[in-house]
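Trainee:
There are 2 protein chains.
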Amino acid sequence: MSDSVDSLRDHLAPINDLESAAAVLAWDQETFMPDGGAEARARQLSTLQSMAHEQFVADETGELLDRAEEATKQADPLDDGASLVRVTRRDYERARRVPSSLVAELSKATSEAKQAWKKGREEDDFSIFAPHLETLVDLSVEKAEAIGYDDEPYDALLEEFEPGLSTAEVTDTFETLREDLVPLVDAIADRPQLDDDLLHRSYPQDKQKQFGERVLADLGYDFDRGRQDVSAHPFTTSFSVDDVRITTRYDEEYLPSAFFSMIHEGGHALYEQGIDPALDRTPLADGASLGVHESQARLWENHVGRGRPFWTHYFPQLKDAFPDALGDADLDSFYRAINRVEPSLIRVEADEVTYNLHVMLRFELERGLISGEVDVNELPARWNAAMDDYLGVVPDTDANGVLQDVHWSMGSFGYFPTYTLGTLTAAQLMEAAEHDLSNLHRRLAEGEFGPLLDWLRTHVHQHGRKLTAPQLLDRITGNELSAEAWLRYAREKFGALYDLSQSPSE
Amino acid sequence: MSDSVDSLRDHLAPINDLESAAAVLAWDQETFMPDGGAEARARQLSTLQSMAHEQFVADETGELLDRAEEATKQADPLDDGASLVRVTRRDYERARRVPSSLVAELSKATSEAKQAWKKGREEDDFSIFAPHLETLVDLSVEKAEAIGYDDEPYDALLEEFEPGLSTAEVTDTFETLREDLVPLVDAIADRPQLDDDLLHRSYPQDKQKQFGERVLADLGYDFDRGRQDVSAHPFTTSFSVDDVRITTRYDEEYLPSAFFSMIHEGGHALYEQGIDPALDRTPLADGASLGVHESQARLWENHVGRGRPFWTHYFPQLKDAFPDALGDADLDSFYRAINRVEPSLIRVEADEVTYNLHVMLRFELERGLISGEVDVNELPARWNAAMDDYLGVVPDTDANGVLQDVHWSMGSFGYFPTYTLGTLTAAQLMEAAEHDLSNLHRRLAEGEFGPLLDWLRTHVHQHGRKLTAPQLLDRITGNELSAEAWLRYAREKFGALYDLSQSPSE
Numbered sequence: 005m006s007d008s009v010d011s012l013r014d015h016l017a018p019i020n021d022l023e024s025a026a027a028v029l030a031w032d033q034e035t036f037m038p039d040g041g042a043e044a045r046a047r048q049l050s051t052l053q054s055m056a057h058e059q060f061v062a063d064e065t066g067e068l069l070d071r072a073e074e075a076t077k078q079a080d081p082l083d084d085g086a087s088l089v090r091v092t093r094r095d096y097e098r099a100r101r102v103p104s105s106l107v108a109e110l111s112k113a114t115s116e117a118k119q120a121w122k123k124g125r126e127e128d129d130f131s132i133f134a135p136h137l138e139t140l141v142d143l144s145v146e147k148a149e150a151i152g153y154d155d156e157p158y159d160a161l162l163e164e165f166e167p168g169l170s171t172a173e174v175t176d177t178f179e180t181l182r183e184d185l186v187p188l189v190d191a192i193a194d195r196p197q198l199d200d201d202l203l204h205r206s207y208p209q210d211k212q213k214q215f216g217e218r219v220l221a222d223l224g225y226d227f228d229r230g231r232q233d234v235s236a237h238p239f240t241t242s243f244s245v246d247d248v249r250i251t252t253r254y255d256e257e258y259l260p261s262a263f264f265s266m267i268h269e270g271g272h273a274l275y276e277q278g279i280d281p282a283l284d285r286t287p288l289a290d291g292a293s294l295g296v297h298e299s300q301a302r303l304w305e306n307h308v309g310r311g312r313p314f315w316t317h318y319f320p321q322l323k324d325a326f327p328d329a330l331g332d333a334d335l336d337s338f339y340r341a342i343n344r345v346e347p348s349l350i351r352v353e354a355d356e357v358t359y360n361l362h363v364m365l366r367f368e369l370e371r372g373l374i375s376g377e378v379d380v381n382e383l384p385a386r387w388n389a390a391m392d393d394y395l396g397v398v399p400d401t402d403a404n405g406v407l408q409d410v411h412w413s414m415g416s417f418g419y420f421p422t423y424t425l426g427t428l429t430a431a432q433l434m435e436a437a438e439h440d441l442s443n444l445h446r447r448l449a450e451g452e453f454g455p456l457l458d459w460l461r462t463h464v465h466q467h468g469r470k471l472t473a474p475q476l477l478d479r480i481t482g483n484e485l486s487a488e489a490w491l492r493y494a495r496e497k498f499g500a501l502y503d504l505s506q507s508p509s510e
Numbered sequence: 005m006s007d008s009v010d011s012l013r014d015h016l017a018p019i020n021d022l023e024s025a026a027a028v029l030a031w032d033q034e035t036f037m038p039d040g041g042a043e044a045r046a047r048q049l050s051t052l053q054s055m056a057h058e059q060f061v062a063d064e065t066g067e068l069l070d071r072a073e074e075a076t077k078q079a080d081p082l083d084d085g086a087s088l089v090r091v092t093r094r095d096y097e098r099a100r101r102v103p104s105s106l107v108a109e110l111s112k113a114t115s116e117a118k119q120a121w122k123k124g125r126e127e128d129d130f131s132i133f134a135p136h137l138e139t140l141v142d143l144s145v146e147k148a149e150a151i152g153y154d155d156e157p158y159d160a161l162l163e164e165f166e167p168g169l170s171t172a173e174v175t176d177t178f179e180t181l182r183e184d185l186v187p188l189v190d191a192i193a194d195r196p197q198l199d200d201d202l203l204h205r206s207y208p209q210d211k212q213k214q215f216g217e218r219v220l221a222d223l224g225y226d227f228d229r230g231r232q233d234v235s236a237h238p239f240t241t242s243f244s245v246d247d248v249r250i251t252t253r254y255d256e257e258y259l260p261s262a263f264f265s266m267i268h269e270g271g272h273a274l275y276e277q278g279i280d281p282a283l284d285r286t287p288l289a290d291g292a293s294l295g296v297h298e299s300q301a302r303l304w305e306n307h308v309g310r311g312r313p314f315w316t317h318y319f320p321q322l323k324d325a326f327p328d329a330l331g332d333a334d335l336d337s338f339y340r341a342i343n344r345v346e347p348s349l350i351r352v353e354a355d356e357v358t359y360n361l362h363v364m365l366r367f368e369l370e371r372g373l374i375s376g377e378v379d380v381n382e383l384p385a386r387w388n389a390a391m392d393d394y395l396g397v398v399p400d401t402d403a404n405g406v407l408q409d410v411h412w413s414m415g416s417f418g419y420f421p422t423y424t425l426g427t428l429t430a431a432q433l434m435e436a437a438e439h440d441l442s443n444l445h446r447r448l449a450e451g452e453f454g455p456l457l458d459w460l461r462t463h464v465h466q467h468g469r470k471l472t473a474p475q476l477l478d479r480i481t482g483n484e485l486s487a488e489a490w491l492r493y494a495r496e497k498f499g500a501l502y503d504l505s506q507s508p509s510e
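Taken in sequence, the protein lines are chains E and V.
Just so you know, the first sequence maps onto residues 5 to 510 in the working numbering.
Just so you know, the second sequence maps onto residues 5 to 510 in the working numbering.
#1: Given a limit of 9 Å on CB to CB distance, which residues of the stretch 224–242 of chain E reach chain V?
#2: Report the residue ranges of all alpha helix (DSSP H) runs contained in full by the stretch 466–506 of chain E; include only those spanning at least 4 residues, in chain order.
#3: Taking the alpha helix (DSSP H) that Val89 (chain E) falls in, what are its first and last residues?
#4: Can you find the residues in the same chain that come closer than 8 Å, C-beta to C-beta, to Asp159 (chain V), ignoring five residues on each side of it along the sequence?
#5: Ignore the nearest five residues each way along the sequence and tell me which others in Thr358 (chain V)'s own chain have a CB closer than 8 Å to its CB.
#6: Which partner residues of Val248 (chain E) appear in the DSSP bridge assignment?
#7: Do the stretch 251–259 of chain E and the stretch 426–442 of chain E meet, that is, are 3 or more Cβ pairs less than 8 Å apart?
#8: Output the residue ranges of the alpha helix (DSSP H) runs that lie fully inside the stretch 242–310 of chain E and measure 4 residues or longer, sorted by chain position.
#9: When the Cα atoms are used, what is the spatial distance from Glu510 (chain V) to Thr429 (chain V)?
#10: Which first and last residues belong to the beta strand (DSSP E) in which Asp233 (chain E) is found?
#11: Taking the beta carbon of Ser375 (chain V) as the centre, do at least 16 other beta carbons fall within 10 Å, making it buried, or is it exposed?
#12: Rounded to whole angstroms, what's the CA-CA distance from Gln466 (chain V) to Ala236 (chain E)? Just pull it up for me.
#13: When you compare each of V:Asp247, V:Val28, V:Leu202 and V:His317 to Leu223 (chain V) by their alpha carbons, which one comes out closest?
#14: The alpha helix (DSSP H) with Ser105 (chain V) in it runs from where to where?
#15: Taking 8 Å as the threshold (beta carbon to beta carbon), is Ser299 (chain E) in contact with chain V?
#16: Go through its chain and collect everything with a Cβ distance to Gly418 (chain E)'s Cβ below 8 Å, but skip five positions before and after it.
#17: Three or more beta-carbon pairs under 8 Å between the stretch 128–138 of chain V and the stretch 97–110 of chain V, yes or no?
#18: Pick helix, strand or coil for Val406 (chain V), following the three-state DSSP scheme.
#19: Alpha carbon to alpha carbon, how far is Thr286 (chain V) from Ala17 (chain V)? Give it in angstroms, no decimals.
#20: Starting from Gly454 (chain V) and walking both ways along the alpha helix (DSSP H), at which residues does that stretch end?
#21: Which bits of chain V does Leu29 (chain E) rub up against, with CB to CB less than 7 Å?
#22: In the DSSP assignment, find the alpha helix (DSSP H) that holds Glu23 (chain E) and state where it starts and stops.
#23: Apart from the five residues on each side of it in sequence, which residues of its chain come closer than 6 Å, Cβ to Cβ, to Arg231 (chain E)?
#24: What's the C-alpha gap between Phe338 (chain V) and Leu202 (chain V)?
#25: Buried or exposed, going by whether 16 or more other CB atoms sit within 10 Å of the CB of Asp402 (chain V)?
#26: Would you grab the beta carbon distance between Ala449 (chain V) and Ala489 (chain V) for me? Rounded to a whole angstrom, and I think it's under 8 Å.
#27: Using the Cβ count rule (16 or more neighbours within 10 Å means buried), how would you classify Val141 (chain E)?
#28: Name the residues in the stretch 34–57 of chain V whose C-beta lies less than 9 Å from a C-beta of chain E; which are they?
#29: What would DSSP say about Asn343 (chain V), mapped onto helix, strand or coil?
#30: Under 8 Å, Cβ to Cβ, is there at least one residue of chain V near Asp21 (chain E)?
#31: Can you check whether the C-beta of Asp332 (chain V) is within less than 8 Å of a C-beta belonging to chain E?
#32: Counting only Cβ pairs nearer than 8 Å, list the residues of chain V close to Pro18 (chain E).
#33: How about Ser384 (chain V) and Val363 (chain V): do their beta carbons lie closer than 8 Å?
#34: Can you tell me which of E:His268, E:Glu23 and E:Glu183 puts its alpha carbon nearest to the alpha carbon of Glu298 (chain E)?
#35: Taking the alpha-carbon positions, what's the Ser507 (chain E) to Val186 (chain E) distance?
#36: Of the choices V:Asp10, V:Leu220, V:Arg45 and V:His204, whose alpha-carbon is the least far from that of Arg229 (chain E)?
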């Protein structure tokens, strides 16, 4: 590697250390920190983040980038050095375009908005949050203008989470998806509902932890380079490729809550643990995009963890772990129970099928907010109308409707679509893996997860941010992002579960 | 407060945030971090520490100090601003005098020495560690010369932990102590030994935790501003006055191990939680010295926690917690058991009386190393001779002798004496508290710890580093550091326990 790339890398390393330190502090805040520590912790995080930002946007970074670009211009685009230069350049230009004054304004506004959102949600009063949301929309448009975009301001915001993907592409893909998804949900609704009573029995927390962590280890999550703790909202965080942690929360009266969140976060963590160690401590040591990250979580959670082969292997062990709750249950009834589809109000509790409609609704509304087509004050009404339209259910309160998610209060416009991008990407990847790996489902039914993990390591994990999401998909599948693979998967799986060939709406 | 003091404070705040962040990372390293995380963590800690150091020794700090000094020169020395300026000036001059090249050399040498010490200890081979120790001694002398001193290089090293105290004063105090302590230990050895069998029974960990944490809460440790976890070596750490954490380790076959370490660390933590919140996020938010810090740990651990009044209150509760182990025990036999005195090889396992001889031995040897009077190669022989002389026991191996402590491998010369300085200070403070608080021991026997804690808060805790250890002692007791109070306490307590008026050696 050339000296100038080394110099760039050396300059970026302590910035990465600051970001990792901030991640440790944030992890502690959610897992173990006593309440009293909150005020000091906010100050410490703010200091670490602003030091990292200042050092990154410094002129020195630009000068080192210029020299390293010169030195790598003949290199293969997948070369570590060339990739480092390319991705750092992208981050740098983006960060430099946003004036410090706007960064500070956004930071202050989100901190106030988050408080107002909490209060508004507690008191079921959207008007408490509305003025703050207006400010955040205005500042986000200002940020988008500063960064620049091709077609619409939302492009610039989406770019932060999905480099290389345009709002128009997402819109097209989601249109296709919705056209087939709404009828699918309707068809399911016309069929007799699957029974999930057996999931609502007594499942002691220590047994849930023991069983779940055994499964995580089987899937390939390395507990010598990670650990699992408890937090109010499950998340994955990484302090290096050798220290990737996950969290969960337990519901002793509902088995899926912790178990599928473990597999979901485990999927994120397998990605982070699988990044090439040579990329550690650089901006390349992260997911290609939020959507690709989510694809790894959804692939393990849904395609593997909610599949029949998986439970062919694990159901006997699950019965052993919970003899009281599952003594009278069989594999078929359990498989049906964990795949029950039912339109509901709350996104984070939604099933695999209806989840996407929650996401599409949010995408449409936030795109409208940023384009000016949707006014903040009409948001609750628009929300409720879309819920009725897509899911046939209408929130009884704004707390269970427009106020349910934290994202907008954090100014994170462009984040929501990545959930469904991940779902679609997972299906595209799974089709490719099924093509490449013979007898994949039989192997999963034997508890053999190594081939699938190795395939993901080779094609996805190791590359970190070297490839964008579209590049990655193209290399692996030869295709662009598309809803078709997921629709094929959903029609087949839920068609069988709900016996949809019998349905009058088919 | 003047603008120039505010400017200094604003400049120091993010440096304090970096140090606090490093403390969180170090805490995680000892409590929860998976093994794989070690390498990245070392890098992250090194980055945070060197950024904090660089920002502190910057010329800007000196300029801000100059202006703030000018603005506070008429102020009361106990004024927050004047104290901030005075203490920061002391730290700054000290830090500026040590060249960066020497800081880097010491950092490298200690990291290598720690590995060598570990290996030497495992293989019971002092020669593995010896050359590294020689390097550390040389570099420490160099550091002492750079800092400057009045009488001998050791002064400059001691000053880091005990501002305002000279080697000569410590030597004099320890001489007085040793003259009376060695005969006391001999006298105890001539008497029938106290029986501590009942401590070596089965004490389940969860019950130990439950009982110990109830006691900690009773003493005044605020679990909303702290928490207790498990680590190999117990410690206290502070991320702000509102987030002060302790750790312990459990031995299910020996009750005192966890319990007295909890009270000990709890004493450190009560100090940190009691610092005036106005001093938080400044260099003043710390103990006056390591000795004063240790005094708070020893006061609660020994004067309170190993006292008869304490167990008059708690022994019935302890019996309830451990009915199997203590069903046949009574308060007297328990009180005797936890105060058994017995010369032994290992400092951290030593009782309240002989502990000081372990410390004095280390102080004499390390002072000799720094002055050149003791050669590294004769250290094992000198160690063993002193053990025989003071305690009448000789290590069977160097692993159980000169290689038992980590401190020298960290280049921490001047640290050891603070353990006994803390013991002596605790006794001086306790005499003053007994004078000020009527019926103190009766109140302790009723589980009423508030008056003692309030007294310590008022006289010691709240001031943080505003006063040095000698200033603090003078304000509270009108006296200098002295061994007399502790000798009075030990003669009375252990005289009664071992019935020393009957002893032929009295």
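The C-beta atom is built at its ideal place from N, Cα and C for all residues, glycine as well.
Mentor: In brief:
#1: Asp226, Phe227, Asp228, Arg229, Gly230, Arg231 and Asp233
#2: 473–481 and 488–501
#3: Asp84 to Arg101
#4: These residues qualify, in order along the chain: Ala148, Tyr153, Ser170 and Thr171.
#5: Val189, Val345, Glu346, Pro347, Ser348 and Leu395
#6: Looking at the DSSP assignment, Val248 (chain E) forms a beta bridge with E:Ser242.
#7: no
#8: 259–277 and 294–302
#9: Unreliable placement is indicated for Glu510 (chain V), whose pLDDT of 41 sits below 50; the coordinate value is still reported in the next sentence. The alpha-carbon atoms of Glu510 (chain V) and Thr429 (chain V) are separated by roughly 26 Å.
#10: Gln232 to Val234
#11: When all chains shown are included, Ser375 (chain V) counts as exposed.
#12: 35 Å
#13: V:His317
#14: Ser104 to Glu126 is the span of the alpha helix (DSSP H), which, as asked, contains Ser105 (chain V).
#15: no
#16: Tyr158, Leu161, Leu162, Glu163, Glu164, Phe165, Glu166 and Glu370
#17: no
#18: DSSP places Val406 (chain V) in coil when its eight states are reduced to three.
#19: 6 Å
#20: Counting along the chain, the alpha helix (DSSP H) containing Gly454 (chain V) begins and ends at Gly454 to His463.
#21: Here the neighbours are Ala25 and Val28.
#22: Asp7 to Thr35
#23: Arg249
#24: 8 Å
#25: Per the 10 Å Cβ criterion, buried.
#26: Incorrect: roughly 22 Å between the Cβ atoms, too far for contact.
#27: buried
#28: Against chain E - using a Cβ distance shorter than 9 Å - the residues of the stretch 34–57 of chain V are Thr35, Phe36, Met37, Pro38, Asp39, Gly40, Gly41, Ala42, Glu43, Ala44, Arg45, Arg47, Gln48, Leu49, Ser50, Thr51, Leu52, Ser54 and Met55.
#29: coil
#30: yes
#31: Taking Cβ atoms only, chain E never reaches closer than 8 Å to Asp332 (chain V), which makes this a no.
#32: Thr51 and Met55
#33: Note that residue 384 (chain V) is Pro in the sequence shown, not Ser. Result no, Cβ atoms of Pro384 (chain V) and Val363 (chain V) do not sit closer than 8 Å.
#34: E:His268
#35: With a pLDDT of 49 at Ser507 (chain E), under the threshold of 50, the modelled position of this residue cannot be trusted; read the value that follows with caution. For Ser507 (chain E) and Val186 (chain E), the distance between alpha carbons rounds to 15 Å.
#36: V:Arg45
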